[in-house]
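Read through the structure below, which is laid out as structure tokens, and then see the notes.
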Amino acid sequence: MTAVIKTGGKQYSVNKGDVIITEKLPNEKGKEVIFTEILMITEGEKTIVGTPYIENATVTAEIVGQDRGKKIIVFKKRRRQNSRRTIGHRQFQTKLKILDISATGQKSKQKATAEKKAPAKKAAPKAATAEKKAPAKKAAPKAATAEKKAPAKKA
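Counting with numbering that gives the first Met the number 0, you get residues 0 to 154 for the letters of the sequence shown.
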């Protein structure tokens with residue numbers, strides 16, 4: 000299943016499992032993001048095109064990382080003026096992993112059945128452990144100090 004999503008003023012063609020780099024999103028690493036501005040979804044021979052967006056369609060992605068892009072060098076020169084100026088710019092970016100594409104706004108069937116099959120594991124109660132006392136610190140013996148001589152005088 001392929002979808003065309005719109006984010007950050009750009010359009011991205013994505014498949015399930017793809018990793019894409021977009022403009023910076025305000026969420027932290029590890030959080031899920033749901034895109035609702037879906038322009039087109041293709042599944043095999045079937046294609047759904049939105050006008051401009053497909054209603055109830057969603058694409059779910061997880062934020063893998065946030066960093067800055069490659070540096071772009073901006074060089075300005077005014078001829079015959081001995082005037083030159085160099086500036087660098089690095090754009091903030093978000094790396095996303097596409098988890099799910101849904102034309103109806105619901106989770107895909109594969110993911111829903113996987114969640115039902117996985118039984119909830121109960122944590123075994125941990126045995127109460129006695130608190131360990133730290134051993135008492137022994138006082139270090141004082142080192143014998145030798146008398147220091149005064150520095151030699153210069154003649």
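Cβ atoms here follow ideal geometry from the backbone N, Cα and C, with glycine treated the same way.
field: Alpha carbon of ASN14 to alpha carbon of LEU95, nearest angstrom
entry: 12 Å
query: Can you pull the DSSP bridge partners for LEU38?
result: DSSP, once it has assigned bridges, lists no residue as partnering LEU38.
**Prompt:** Just how far apart, CA to CA, sit LYS152 and ALA135?
**Reply:** 49 Å
query = So, THR93 versus LEU38, is the Cβ gap smaller than 8 Å?
reply = no
- Item | Nonlocal neighbours in the same chain, by C-beta distance under 6 Å from HIS88, ignoring five residues either side | ILE71
Practice prompt. Report the partner residues of GLN80 according to the DSSP bridge assignment.
Written response: Note: GLN80 sits in no beta bridge, so no partner.
Margin query: With the cut-off set at 8 Å, would you say SER101 and THR57 are in Cβ contact?
Written below: yes
Margin query: Give me, in chain order, the residues of the same chain whose beta-carbon lies closer than 6 Å to that of SER82; leave out the 5 immediate sequence neighbours on both sides.
Written below: none
Would you identify the three-state DSSP class for ASN26, choosing helix, strand or coil? coil
query: For PHE74, which of ILE97, ILE86, GLY64 has the nearest alpha-carbon?
result: ILE86
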